Each structure stands twice: as structure tokens, then as C-alpha cells.
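Numbering (this note's numbering), first residue to last: 132 to 640.
In what follows, a single structure is set out as C-alpha cells and then discussed.
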């Protein structure tokens, strides 16, 4: 079976001479950091955290650097995939519908699609044999496909898979790959397949957590204890205050005069009832009150940065500019500032967004993730659970590792945001081994902890495949906050996927 050392050698073999300082891209984990004799789930996690508090990223780098590197013949690795081609089903991360760049976009160059359900792509050898097939769930803007209740997300994704399989057949070696919160949805899909005794289960050979929210997020835990909770409350209050007019469906931009005469027009022409006029005025007051309140916000939380990312274009923005951008998104993209065109639909959509956002955040807390494992079972027959994590290297800790390090482009806004987030997460968790959004121990499948949480769960076959030298976004997204010069994050994500697929194909031999 493949272990972390062999995976590292596979990754470096594919990387070959494409870059210098190859050791900077992938480290080597110390499995002892994940061992615990604790008898309760909370004590188990606390024991691991105490070890991790003393462990810097440079320790894992040195383990890799000192290890004996074995170079594989790339042609031999590809032959493994010829015999056992892999189909990745990729579950995108939290709020990906707000990010213009697709998850793992490099492998979807052809822009092949399966209706509204998937992006498709294939890796073929020189003889046109398919080695890897990629399927990525589509998350169109404002679709809310990656927020809300994970069970509802999972049911939606299952329907999409059913449509795809009914047309294309069921591939033999399916591997679910969940990025970030996508891991939660993928696990829910597996749990539902097990409950329903799905005939497809026998074809699913792997489940990969790529920086996944397996046991919760310290960053989200902190949201409910910090000023960020105030911003969520403001959004909830706005959602509660906004009312839906009863007879506004037919009113649109085409049959209204200039905005500045709007109120006089609707009153004089009586195209709207007095009750609806009152609702419109109350909604306007609620919106402008929210806009005024949010301007007092510190706006230092990643959720809002993600929402803002699609509107930033390669320049660092100051606090007041960020506030203007947030108000622009809510006012224009959600249409909350538009009091005549599709106003009722906009209100309904915004209320739906707020409810789903609150549910998403709650389900990502450590408490809720532990509860999920206590009340759900996942399949174990013929399937192995793999973890791939990242650790961010702070320049203050290791100038050697961070200065001119090929996995990083320190000019990117993504890098600057991730560095700030890394330091914040490190401060609240005291864990240096984090990727800027997830701490090391909570992104890994830990069979002993799962057994403590749910004795009914059959033992999982697990593998910590690798530790990457990048940040949370770098492991899966070429760019979040787009740069004017078109610069992208330099981490080789396509090689990462090829290495994961090859490792799983070797395990299937």
C-alpha cells in the first residue's frame, strides 16, 4: 500500500526537473503526531493539539529533506493508470460560487461540460488511452450549491451523478475528492449511498480529503466567539427585516420611469398598493440602516474576503474600500438596493442565502462535525480514505523556507490574505501546522477518533498521503483574488492530482 513517503516520491518524480527546490513543495508527516491514548473524543483532539503546538512546519520539511528520495520512471507510473484509470468526482469548497476561478481549474482546459451538472476533462496518454477522468460539480454564481445543509447539498449532487451515470455509465474506479467543505458533502453522499445500499458503492474505491473539514474548523469555531459574529447577526437582522411585497411581481425596470421619480410615480399611478408601498419603504430603510451599521465593522473575517474576492482586481484595498465592495455585492448582486425590478425575488434569494450561510457555518464547527461522526456511518468495503493536507510557512518562522520559495508567489493578494489568516488561526489555535484555514489534525481521517465517536462504525482503512508546502487556496485554486497582470499561484495542482490518482491505482493492484 502507498504511504506518505512513497507518495512524496511519486509527486517528485512527476515534478522532475520542472522546478528547483523540489523539497519545498512537499514535506513528510510524522505519524506519531497523530497518535493518542485518550479515551474521549475531546481529549483525543486536545492531546494531538498539545503535540502540534510544539511542531513547526520546518520540522516536516526536514523530515522530507532527510528522507531517501527514490525516483520513479514516469512511464511506469502512467502504465499503472493505463491498467486502472481513475475517475475523480470533485466536490468544490465553501462558497465556490462566489469565486470566479474553478476548483483545480488547470485540468479543465477543454471546457467540456455535462449540461448544468458538471465540468469534464480527461488526461490521456500518447495512444489516446484515458488515464484520469475529471468531473467537477458546477457551482454557478448565486446558485448556493456549496452552502446550506450538507445533506441537502449531497442529495442535489447525487441527483446530478444519477443523470451522468444514466447517460455515460458508471466508471469502474471512482474516487471522491472533497476540497475544504466539499469533503463534508462527499462524506454525506457516501453515508446516503450506504443507507440506500446504492449499487454504485462497489465502484467507489477512494475518498480523498484535500484540506477537508473532517473534524471541524477552529476558524469557524472562533466566528461564534468573535466580532465576526456581529456581522452575521447584522445579516440575519437584515434578512428578518426585509419583507416580501404581495403584488410586485409584474413591476419591472421596463415599465418604471427614472429611479428618482419612482416613489412619486407609484403613488400617483397607484400601480402598487399602499401596503406594498409601505413594505418597499421599510425595506429601503432596513437596507440603508444595514449599510450604515456594516461600515462600523472591522471586516477582518475570511467569509467577507471571499465574497469580495470576485470584485478585487489585483490591488490591495483599504478598509473603507472593502466596506464599499461588500455593500456593492449585497446591494447590486443580490439586488437589495433595487426596489422595483424583481424586488420580491431578490428578497427571497437573500433570505435563502442568509439561512444557508448560517447553517453552513454551524455545521463546520468542531462540535457539529463530531456529532456528525457520532450519528453517521460511511462505507468501508473496498474503499480507502486518503488525506492530503497543507502547511503554510510564515516568513517570521523560517526565512529559508519562505524566501524565494517556489510554491509561493508573495506578490499575490491570495498569499497576503493567507499569511494574515494563517497568523490569526495560529493565534486562536496555537497550532503552527495549519494551512491558513484548517489546522493539521482536523483535516485528516483519524480512525481511532472515529471509533471513539461511533463504535458502530466499521474500521476505516486510512492513509495520510502527503503534506504540501502551500496554503489552503494554493492546494486547489490557481487564483481567488485575481491580479491585473494575470499572475497565478505556482503550486503544481495538476501534478498533485496525477500523483493522487497514481497512488490510488497502485493501491488497487
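We put the beta carbon where it would ideally sit given N, CA and C, even for glycine.
Just so we're clear, the structure is a prediction, and the values are computed from it rather than from any experiment.
In DSSP terms, what residue i is bridged to
i, result
"residue 599", "157 and 521"
"residue 565", "570"
"residue 337", "306 and 515"
"residue 151", "BP columns for residue 151 are empty, so no partner."
"residue 539", "Paired residue(s): none; residue 539 is not in a bridge."
"residue 244", "250"
"residue 592", "515"
Bounding residues of the beta strand (DSSP E) (the contiguous stretch that carries residue i)
i, result
"residue 249", "249-255"
"residue 266", "261-268"
Endpoints, alpha helix (DSSP H) assigned at residue i
i, result
"residue 506", "497-506"
"residue 351", "349-354"
"residue 641", "For residue 641 there is no data in the structure shown, the boundaries of the chain being 132 and 640."
"residue 175", "172-184"
"residue 142", "135-146"
"residue 217", "No alpha helix (DSSP H) contains residue 217, which is instead part of the beta strand (DSSP E) from 217-222."
"residue 584", "578-584"
"residue 282", "281-299"
"residue 205", "205-214"
"residue 625", "624-638"
"residue 327", "313-327"
C-alpha distance - residue i paired with residue j, whole-angstrom precision
i, j, result
"residue 143", "residue 204", "11 angstroms"
"residue 334", "residue 552", "39 angstroms"
"residue 487", "residue 341", "23 angstroms"
"residue 202", "residue 257", "22 angstroms"
"residue 441", "residue 229", "Because residue 441 carries a pLDDT of 46, less than 50, the predicted location of this residue cannot be relied on, and no value is offered for it."
"residue 475", "residue 413", "14 angstroms"
"residue 382", "residue 408", "With a pLDDT of 49 at residue 382, under the threshold of 50, the modelled position of this residue cannot be trusted; read the value that follows with caution. Their Cα atoms are separated by approximately 12 angstroms."
"residue 131", "residue 363", "Any property of residue 131 remains undetermined from this structure, which presents the chain solely from 132 to 640."
"residue 264", "residue 236", "14 angstroms"
"residue 218", "residue 301", "10 angstroms"
"residue 295", "residue 639", "24 angstroms"
"residue 149", "residue 155", "13 angstroms"
"residue 310", "residue 343", "5 angstroms"
"residue 578", "residue 489", "29 angstroms"
"residue 220", "residue 304", "11 angstroms"
"residue 423", "residue 368", "13 angstroms"
"residue 511", "residue 580", "16 angstroms"
"residue 608", "residue 347", "21 angstroms"
"residue 525", "residue 373", "44 angstroms"
"residue 133", "residue 596", "8 angstroms"
"residue 380", "residue 405", "Caution is warranted here: a pLDDT of 49 is assigned to residue 380, below 50, making its placement in the model unreliable, and no coordinate value can be reported."
"residue 433", "residue 549", "For residue 433, the predicted structure reports a pLDDT of 47, less than 50, and the residue's modelled location is therefore unreliable. The matter cannot be settled from this model."
"residue 564", "residue 254", "33 angstroms"
"residue 539", "residue 171", "39 angstroms"
"residue 396", "residue 418", "Bear in mind that the predicted position of residue 396 carries a pLDDT of just 47, short of 50, making it unreliable; the figure below should be weighed with that in mind. Going from the Cα of residue 396 to the Cα of residue 418 covers about 21 angstroms."
"residue 330", "residue 307", "16 angstroms"
"residue 641", "residue 215", "Shown here, the chain extends from 132 to 640; a query on residue 641 therefore has no answer."
"residue 284", "residue 276", "7 angstroms"
"residue 222", "residue 316", "7 angstroms"
"residue 290", "residue 251", "17 angstroms"
"residue 298", "residue 557", "47 angstroms"
"residue 629", "residue 160", "20 angstroms"
"residue 238", "residue 163", "35 angstroms"
Among the options, nearest to residue i - alpha-carbon criterion
i, options, result
"residue 165", "158, 182, 171 and 155", "182"
"residue 411", "422, 420, 423 and 376", "376"
"residue 153", "161, 171, 616 and 196", "196"
"residue 509", "623, 420 and 337", "337"
"residue 560", "609, 416, 366 and 352", "352"
"residue 562", "185, 415, 139 and 159", "185"
"residue 345", "369, 368 and 319", "319"
"residue 188", "315, 355, 137 and 602", "602"
"residue 167", "262, 238, 582 and 141", "582"
"residue 492", "157, 151, 354 and 415", "354"
"residue 495", "539, 554, 569 and 477", "569"
"residue 350", "419, 192 and 312", "312"
"residue 566", "534, 600 and 558", "600"
"residue 627", "619, 598 and 610", "598"
"residue 278", "233, 631, 483 and 161", "483"
"residue 137", "173, 151, 194 and 200", "200"
"residue 198", "231, 157 and 173", "157"
Item to complete: Spell out a yes or no on whether the region 528-540 and the region 504-519 are touching, meaning 3 or more CB-CB pairs, one atom from each, closer than 8 angstroms.
Response: Because the criterion of three Cβ pairs below 8 angstroms is not met, the region 528-540 and the region 504-519 do not touch.
Worksheet item: Using 8 angstroms as the Cβ pair cut-off and three pairs as the minimum, do the region 543-561 and the region 489-502 touch?
Response: Taking 8 angstroms as the limit for Cβ pairs, the verdict is that the region 489-502 does not touch the region 543-561.
Worksheet item: Within the chosen definition, does the region 209-225 reach the region 610-626 through at least 3 CB pairs nearer than 8 angstroms?
Response: These segments do not touch.
Discussion item. Measuring CB atoms only, is the region 585-593 touching the region 162-178, in the sense that at least three cross pairs come out at less than 8 angstroms?
Written reply: Segments in contact, no.
Discussion item. Any contact between the region 569-577 and the region 628-640? By contact I mean 3 or more CB pairs, one from each, below 8 angstroms.
Written reply: The region 569-577 vs the region 628-640: no contact.
Worksheet item: Does the pairing of the region 132-152 with the region 618-627 give three or more beta-carbon distances under 8 angstroms?
Response: Judged by Cβ distances under 8 angstroms, the region 132-152 makes contact with the region 618-627, as three or more pairs qualify.
Worksheet entry | Meets three-Cβ-pair contact criterion under 8 angstroms: the region 267-279 and the region 238-257 | Because the criterion of three Cβ pairs below 8 angstroms is met, the region 267-279 and the region 238-257 touch.
Worksheet item: Three or more beta-carbon pairs under 8 angstroms between the region 323-330 and the region 589-600, yes or no?
Response: Judged by pairs of C-beta atoms under 8 angstroms, the region 323-330 does not touch the region 589-600, as fewer than three such pairs exist.
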